[in-house]
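Here's the structure, in structure tokens; my notes come after.
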Amino acid sequence: MSNKVNLSVNIAGIAMKNPVMVASGTFGYGPEYADLVDLNQLGAIVVKGICLNPTTGNPTPRTAEVASGLLNAIGLPGPGVDGFVSKYMPFLRQHDVPVIVNIWGKTIEEYAEVARRFDQVDGIAGLEVNVSCPNVKEGSALFGTDLDMFRRVVEAIRAATRLPIIPKLAPNVADIAAFARAAESCGADAISLINSFPAMAVNIKTRKPKLANITGGLSGPAIRPVAVRLVWQAAQAVNIPVIGMGGISRLDDALEFFFVGADAIALGTVNFTNPAAALTLVRDLEKYLAGIQVSSLSEIVGTVTT
Ligand SMILES: Cc1cc2nc3c(=O)[nH]c(=O)nc-3n(C[C@H](O)[C@H](O)[C@H](O)COP(=O)(O)O)c2cc1C
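Under the working numbering, read the sequence shown as residues 60 to 365, first letter to last.
What follows is the structure, given as structure tokens:
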């Protein structure tokens with residue numbers, strides 16, 4: 060029965076064998092996990108965020124475990140566009156899996172320049188746009204929480220590349236639907252959400268923050284109900300595909316996201332403790348759909364009854 064289930068999806072014009080992706084920053088650039096996971100069986104790989112030039116990230120400690128979650132302020136270290144293309148693309152091109160590059164910048168112009176450079180690179184399926192960073196030119200407001208700046212960054216990237224673009228919405232906004240609609244109207248091909256949630260933890264013996272950066276992003280099971288709510292609200296607001304993430308470890312978690320309208324999902328923090336989680340989920344999803352006699356994933360997407 061299971062061979063009748065069609066798990067393939069098309070997200071933002073990117074053909075994927077299944078809807079299970081790995082989230083940016085939790086799967087390196089691919090090679091780090093290649094001995095542990097058959098990369099070709101993933102729906103897509105989203106690589107760690109890349110900006111124009113090499114970056115070193117934040118001082119340590121950069122991570123702290125909290126109840127049902129992880130707090131991180133890694134600070135986006137990376138090889139820059141040229142370093143990524145020369146060091147990792149030859150490896151990634153040998154695989155039969157869509158590569159989505161997560162991009163970020165310190166200014167709108169930098170985002171556009173990164174997108175323009177990737178437009179010329181073979182083997183890249185699309186760009187996910189991390190907007191949870193400050194605009195260093197314009198008062199340090201986050202691109203992802205200021206609607207006007209968000210629009211401008213999506214428009215600038217749209218004008219700079221023919222690649223599919225997937226803005227990754229920040230969770231700490233009052234009206235997620237407004238950001239989802241803005242992404243769609245500025246030419247995004249899909250949206251993804253959620254990025255980690257701004258948070259803080261304190262060591263009660265030293266009375267110091269547990270992260271050198273003081274605050275960081277909360278991820279893992281702790282944020283899942285927040286993510287499900289935001290995906291539900293965003294999915295109702297747009298017609299473009301929605302990629303849901305936030306605390307997904309297993310089939311039951313993923314189903315919540317599909318039911319509220321996610322067309323695909325990504326696993327993040329769980330990759331650190333169980334690198335096989337995404338592929339286990341693919342098999343479990345196939346069995347589940349066969350068990351309820353559904354032949355294609357789209358039949359269950361958005362079927363929550365409220
Ligand atoms: C250590 C770490 C690094 C991350 N780096 C990035 C990044 O570079 N770009 C980005 O858009 N999101 C980044 N994220 C956010 C994840 O891609 C994901 O949106 C978030 O963790 C929620 O999913 P999860 O709860 O399954 O981890 C990072 C998350 C973690 C835990």
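C-beta atoms are modelled at their ideal positions from N, C-alpha and C, and glycine is treated no differently.
Please read all numbers here as calculations on a predicted model, not as lab measurements.
So the alpha helix (DSSP H) residue i belongs to, where does it begin and stop?
i: P284; result: 283–296
i: K346; result: 336–350
i: L310; result: 310–318
i: N330; result: 329–332
i: A174; result: 167–178
According to the Cβ coordinates, are residue i and residue j closer than 8 Å?
i: P223; j: G89; result: no
i: L151; j: G182; result: yes
i: A281; j: G84; result: no
i: I302; j: A323; result: yes
i: I167; j: V188; result: no
i: G305; j: A336; result: no
i: R211; j: D178; result: no
i: M259; j: I250; result: no
i: V195; j: K165; result: yes
i: D155; j: N117; result: no
i: C192; j: L186; result: no
i: V144; j: V180; result: yes
i: P257; j: L95; result: no
i: S357; j: V64; result: no
i: A247; j: I299; result: yes
i: F86; j: N330; result: yes
Let me check understanding here. Comparing Cα to Cα, which of the options lies closest to residue i?
i: A242; options: Y92, A200, V190; result: V190
i: A233; options: A293, A247, A174; result: A293
i: N231; options: L340, I253, A219, S199; result: I253
i: V125; options: S278, G327, N330; result: S278
i: A174; options: T115, T364, L201, I225; result: I225
i: V81; options: I299, L348, N262, L338; result: L338
i: A239; options: V290, A325, T328; result: V290
i: A237; options: V68, R283, V297, A325; result: V297
i: T114; options: A93, R288, G142, E91; result: G142
i: D311; options: L326, R176, C110; result: L326
i: G137; options: L111, E172, T332; result: L111
i: I133; options: G275, G361, P284; result: G275
i: N366; options: L340, T328, T364, T332; result: For the chain, the structure presents residues 60 to 365; residue 366 sits outside this window and is missing.
i: A227; options: S199, W163, E197, A219; result: The residue asked about is misnamed: residue 227 is Lys in this sequence, not Ala. Comparing Cα-Cα distances from K227 to each of S199, W163, E197, A219, the minimum goes to W163.
i: E172; options: P149, Q153, A219, L135; result: A219
i: L340; options: V363, R283, T362, A313; result: A313
i: I307; options: V79, A349, M148, T364; result: V79
i: T332; options: R309, A74, P284; result: R309
i: L66; options: I235, T364, A349; result: A349
i: R170; options: V140, K76, V360; result: Here residue 170 turns out to be Tyr, not Arg, going by the sequence shown. Among V140, K76, V360, the Cα nearest to that of Y170 is on V140.
i: N69; options: G361, P284, A271, A184; result: A184
i: A93; options: Q153, S255, T364, R176; result: Q153
Tell me which residue opens and which closes the beta strand (DSSP E) that residue i is part of.
i: E197; result: Element bounds for E197: n/a, residue is neither H nor E.
i: V301; result: 301–304
i: I162; result: 158–162
i: G279; result: No beta strand (DSSP E) holds G279; DSSP gives it neither H nor E.
i: I324; result: 323–326
i: N189; result: 185–189
i: S251; result: 250–252
i: A260; result: Taken as a continuous stretch (DSSP letters only), A260 belongs to no beta strand (DSSP E), as it is neither H nor E.
Using only the heavy atoms of ligand 3, determine whether one of them is closer than 7 Å to the beta carbon of residue i.
i: S127; result: No copy of ligand 3 appears in this structure; the ligands present are ligand 1.
Next item on the list: Determine contact between the segment 100–112 and the segment 156–168, defined as no fewer than three beta-carbon pairs at a distance below 8 Å.
Entry: yes
Margin query: Which complete beta strand (DSSP E) runs does the segment 61–140 hold, if anything under 3 residues is left out?
Written below: You should have 68–70, 73–75, 79–81, 103–109, 122–125, 128–131.
Notebook entry, point to check: Per the contact definition of three or more C-beta pairs closer than 8 Å, is the segment 259–276 in contact with the segment 344–362?
Noted result: Contact fails: fewer than three Cβ-Cβ distances are below 8 Å.
Notebook entry, point to check: Counting pairs of beta carbons, one from the segment 243–251 and one from the segment 197–206, are three or more of them closer than 8 Å?
Noted result: no
Checklist line | Runs of alpha helix (DSSP H) wholly within the segment 218–246 (minimum 4 residues, chain order) | finding: Every alpha helix (DSSP H) stretch that sits fully inside the segment 218–246 and reaches 4 residues is listed by chain position as 235–244.
Margin query: For the segment 113–122 against the segment 310–323, do three or more pairs of beta-carbon atoms, one drawn from each stretch, fall closer than 8 Å, so that the two count as touching?
Written below: no
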